[in-house]
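**Q** Take our numbering: the last position of the sequence shown gets the number 137, and nothing is skipped along the way. Glycine residues also receive a C-beta, built at the ideal position from the N, C-alpha and C atoms.
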Amino acid sequence: MLQKECKRYRIMVGGNGLFYPVVGFASIVLFIYMSFGDVKFGFEEEVELAFVERNGTQFMVDGKAFYINGWNSYWLMVQSVDEYSRPRVREMLKAGAKMGLTVCRTWAFNDGDYNALQSSPGVFNEQAFKISMSV
Numbered sequence: 003m004l005q006k007e008c009k010r011y012r013i014m015v016g017g018n019g020l021f022y023p024v025v026g027f028a029s030i031v032l033f034i035y036m037s038f039g040d041v042k043f044g045f046e047e048e049v050e051l052a053f054v055e056r057n058g059t060q061f062m063v064d065g066k067a068f069y070i071n072g073w074n075s076y077w078l079m080v081q082s083v084d085e086y087s088r089p090r091v092r093e094m095l096k097a098g099a100k101m102g103l104t105v106c107r108t109w110a111f112n113d114g115d116y117n118a119l120q121s122s123p124g125v126f127n128e129q130a131f132k133i134s135m136s137v
């Protein structure tokens, strides 16, 4: 009876003792991928974007008049590249929206410097482009 129970247990856990090492290895690989991989899940909320258009001398967004009032923040692109400084960017944009400002003007270049869009002639940093487009 005891041997029958042991046999059933061995079949349940893989029989040859490899079940736990395989599960452990798979768990480690999954942990590393989730920690350091560029993982994107499909349930992030999509932001609906609208473009400013011109109707004569009037700016329009979604068929409504759009009045430009805003501020300059030249540093937004540089600050948005590093994860640790992105909260500063978000806070600045939230503060502008809270004040009723509709436009933030920023510089979309950073050539040859730290986290540059273009590190040398014809060599572009795709990550910096992705981040700058999200600002």
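Indicate whether GLU118 and ALA130 have their beta-carbon atoms separated by less than 8 Å.
**A** At residue 118 the sequence reads Ala, which differs from the Glu that was named. Their beta carbons are under 8 Å apart, which means ALA118 touches ALA130 by this criterion.
**Q** Quick check on SER82: buried or exposed, where buried means 16 or more other Cβ atoms within 10 Å of its Cβ?
**A** Burial call: buried.
**Q** Distance check for GLU93 and THR104, CA to CA, integer angstroms please.
**A** The straight-line gap from Cα to Cα measures roughly 15 Å.
**Q** Buried or exposed: which applies to LEU78, given that a residue is buried once 16 or more other Cβ atoms fall within 10 Å of its Cβ?
**A** Looking at its Cβ environment, which holds 16 or more other Cβ atoms inside 10 Å, LEU78 is buried.
**Q** Within the segment 73 to 127, note down every full beta strand (DSSP E) run reaching 3 residues or more, in order along the chain.
**A** DSSP runs (the beta strand (DSSP E)) wholly in the segment 73 to 127: 105 to 107, 120 to 122.
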